[in-house]
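See structure below.
Chains as they are written, first to last, in this note's numbering: chain A, 336 to 667; chain B, 94 to 381.
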């Protein structure tokens, strides 16, 4: 809640009643003013509050309620089963595969994109001709829809497709795989495609963070005889901490929710065997398409709970430092 | 929440003259840019080939170049209707987010009243509710409201889920508008609403543009929500169209390439025009 501290608000009664009125009239006009202020507050916030409550908070509440029933989605749910849907989910090997795949994507994204983006950003953290064109190009994958990117890579990676042809033409035909159909390979292929799509985002964020590091610090360190590596390690990186941690946070939450890319890129059969399923695709496959609404909602609650706990833990242990940093930096 | 907040950054001051840098910098920049863009170029160029060409030599160049695929997609498919649907939904979402978010953020920034911080926290809580996890109950709710198969079924939830971040970005921006301006407006006889309309709105244009663009791009690319709530083919958006086209015409690789390229085009154009705001918005949302 960093912004609360810096919020300046006008005091009440910015429109002071003209002096010289009788005290009673003054009090009455102040009361009218207060009433009008509340009308404005209520009038301006109500639409946002209503739509937010109705479409964000209410559905999550209902998800929990529905998850306690066996329900095909027709009529009101009646067959109460308690927490059986939850135990069923954790006994289903396909769901456990989905959990594992989400874990691979979360940690794979952090461990691959993080160092790659950091290295590239540090090396490119200087003004060079064509920098803005570079930014534009690197950002393209991030701006395209996940669906479009998924279809695109599906065409490239298909059996006997472009990638296979390229590999064969440079004599690496031995590496050719059934990239999207081999049950042991597909999740790594998906991780690669997700990395391709999102690493540019990390680079841009880190470059933006780097542009906030005052160059005087680097110059001072240079004058003191620090090597390029020492400067990065001891000056730049610590100052980049908040940006890195916020990127990690966004990446983690996004990886837990990943759906579009997996849905369009991998064949349903491969997904249904668990090789490429994620929690979100598992939820939609079972809840929406197989019409197991109670069960699907239980998976939704699990997905939500995992994201929520991950977000809270992350905030508690990593982001709390950034709040201090943000407040102290306000002083400049 | 900590995904806060420093309004929209000003363009960095041109402190040093642009210079030619070391060859290493260029080599890296070129390599990274090439990796980012090569698959996209491949798809666009592939749209100019024929399917037999592609089957014979998947990695080759068009020989000869054919316009037929693009022509076919633009004249025979549902491309235009889907682009229209995407545009209506994205514009509706953007409008809703900006109007509702601005109204709420204005109150949270410029009024002092009991429960204000509580209300702000209440909104920021929404940052922890990912739309993906709520999709099944959301579908059921929209079904009970008889909104399935309408633009509203996509617009309303998208507005709701964009509000928290919008308010988090807008509030500090609105708070930073100097108190003196408000006093001056009051002296000139403008109430707080007049102040909002005549002074705050024009002043916050950069922040509004940022918030609007983030909402527009998110809506334009959305897939999961439309997939569930827009069963009617006539209401399908472009991402649904791309998915359908590619699974419907699996053997027509060239056609799929052309359709995919054309679906990318609006996003690419829009992004080229608005790149500064998108990057600026992300930067603003991330600066601690």
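We treat Cβ as the ideally placed atom computed from N, Cα and C, and that holds for glycine.
Quick one: what's residue i bridged to in DSSP?
i	result
residue 405/A	414/A
Under 8 Å Cβ-Cβ, which residues of chain A neighbour residue i?
i	result
residue 225/B	592, 594, 615 and 638
residue 361/B	475, 478 and 479
residue 305/B	Chain A residues near residue 305/B: none, gap ~15 Å exceeds 8 Å.
residue 232/B	623
residue 365/B	471
residue 356/B	480 and 483
According to DSSP, is residue i helix, strand or coil?
i	result
residue 554/A	helix
residue 54/B	Lying outside 94 to 381, the shown extent of chain B, residue 54/B is not represented and no answer is given.
residue 485/A	helix
residue 241/B	coil
residue 337/B	helix
residue 632/A	helix
residue 269/B	coil
residue 152/B	coil
residue 547/A	coil
residue 613/A	coil
residue 131/B	helix
residue 625/A	coil
residue 450/A	helix
residue 251/B	helix
residue 158/B	coil
residue 343/B	coil
residue 461/A	coil
residue 410/B	Because chain B spans 94 through 381 in this model, residue 410/B falls outside it and cannot be assessed.
residue 653/A	helix
residue 562/A	coil
residue 521/A	helix
residue 189/B	helix
residue 432/A	helix
residue 103/B	Its pLDDT being 42, under 50, residue 103/B is placed unreliably in this model, and the coordinates cannot settle the point.
residue 98/B	Unreliable positioning characterises residue 98/B in this predicted model, as indicated by a pLDDT of 39, which lies under 50. A coordinate reading is not provided.
residue 602/A	coil
Along chain A, which residues have their Cβ under 7 Å away from the Cβ of residue i?
i	result
residue 129/B	472, 473, 475, 476 and 535
residue 121/B	455, 458 and 459
residue 54/B	The requested residue 54/B is not part of the displayed model; chain B covers only 94 to 381.
residue 339/B	486
Tell me, to the nearest whole angstrom, how far the beta carbon of residue i is from that of residue j; I am working on the premise that it is less than 8 Å.
i	j	result
residue 376/A	residue 204/B	6 Å
residue 370/B	residue 312/B	That pair is no contact at about 16 Å.
residue 256/B	residue 194/B	6 Å
residue 403/A	residue 614/A	That belief does not hold up - the Cβ atoms of residue 403/A and residue 614/A are roughly 19 Å apart, past 8 Å.
residue 152/B	residue 504/A	7 Å
residue 638/A	residue 226/B	5 Å
residue 196/B	residue 380/A	7 Å
Residue i versus chain B: which residues are under 7 Å apart at the beta carbon?
i	result
residue 421/A	Going along chain B, no residue has its Cβ under 7 Å from residue 421/A, so there is no contact; the nearest lies around 15 Å.
residue 549/A	Correct list: empty, because the minimum Cβ distance to chain B is about 11 Å.
residue 413/A	Residues of chain B passing the Cβ test: none, with the nearest at roughly 15 Å.
residue 599/A	336
residue 610/A	Result: empty, since nearest Cβ-Cβ is about 19 Å, beyond 7 Å.
residue 379/A	196, 197, 199 and 200
residue 312/A	There is no way to answer for residue 312/A, as the model of chain A reaches only from 336 to 667.
residue 506/A	Ordered by position in chain B, no residue passes the 7 Å Cβ test against residue 506/A, which lies about 14 Å from the chain.
residue 450/A	Simply none; closest approach about 14 Å.
Mind pulling the chain B residues with CB within less than 8 Å of residue i?
i	result
residue 375/A	200, 204, 285 and 286
residue 642/A	221, 223 and 226
residue 418/A	Result: empty, since nearest Cβ-Cβ is about 18 Å, beyond 8 Å.
residue 488/A	132
Check whether the Cβ of residue i lies closer than 7 Å to any heavy atom of the ligand GDP, and answer yes or no.
i	result
residue 259/B	Looking at this structure, you won't find the ligand GDP or any other ligand, since it has none at all.
Could you tell me which chain A residues have their CB closer than 9 Å to the CB of residue i, listed as they occur along the chain?
i	result
residue 314/B	478, 479, 480, 481, 482, 483 and 595
residue 216/B	383, 384 and 387
Could you list which residues in chain B have their beta carbon closer than 9 Å to that of residue i, in chain order?
i	result
residue 513/A	The premise fails here: residue 513/A is roughly 15 Å from chain B at the closest Cβ pair, so nothing lies under 9 Å.
residue 500/A	150, 151, 152 and 153
residue 605/A	Under the 9 Å cutoff, chain B gives no residues; its nearest Cβ is about 15 Å from residue 605/A.
Determine whether the Cβ of residue i lies closer than 8 Å to any Cβ atom of chain C.
i	result
residue 463/A	Note that chain C does not occur in the displayed structure, where the protein chains are A and B.
Below 8 Å, how does it come out for the segment 595 to 611 of chain A and the segment 484 to 504 of chain A: are there three or more Cβ pairs, yes or no?
yes
Do the segment 382 to 399 of chain A and the segment 205 to 225 of chain B touch if we need at least three Cβ pairs shorter than 8 Å?
yes
Take every Cβ of the segment 256 to 264 of chain B, pair it with every Cβ of the segment 293 to 312 of chain B, and state whether three or more of those distances are shorter than 8 Å.
yes
Stretch-stretch touch, CB-based, cutoff 8 Å, three pairs: the segment 455 to 474 of chain A with the segment 351 to 358 of chain B:
no
Quick one: any contact between the segment 628 to 647 of chain A and the segment 229 to 240 of chain B, if contact means 3 or more CB pairs under 8 Å?
yes
Quick test of the definition: if touching needs 3 or more C-beta pairs under 8 Å, does the segment 523 to 541 of chain A touch the segment 165 to 177 of chain B?
no
Is the number of C-beta pairs between the segment 158 to 165 of chain B and the segment 177 to 186 of chain B that are closer than 8 Å three or more?
no
Meets three-Cβ-pair contact criterion under 8 Å: the segment 440 to 455 of chain A and the segment 536 to 550 of chain A
yes
Between the segment 513 to 521 of chain A and the segment 601 to 614 of chain A, are three or more C-beta pairs nearer than 8 Å?
yes
Is the segment 345 to 356 of chain B touching the segment 137 to 148 of chain B in the sense that three or more CB pairs, one from each, lie closer than 8 Å?
yes
Does the contact criterion of 3 or more C-beta pairs under 8 Å hold for the segment 334 to 345 of chain B versus the segment 238 to 246 of chain B?
no
Does the segment 642 to 655 of chain A come close enough to the segment 412 to 429 of chain A that 3 or more CB-CB pairs lie under 8 Å?
no
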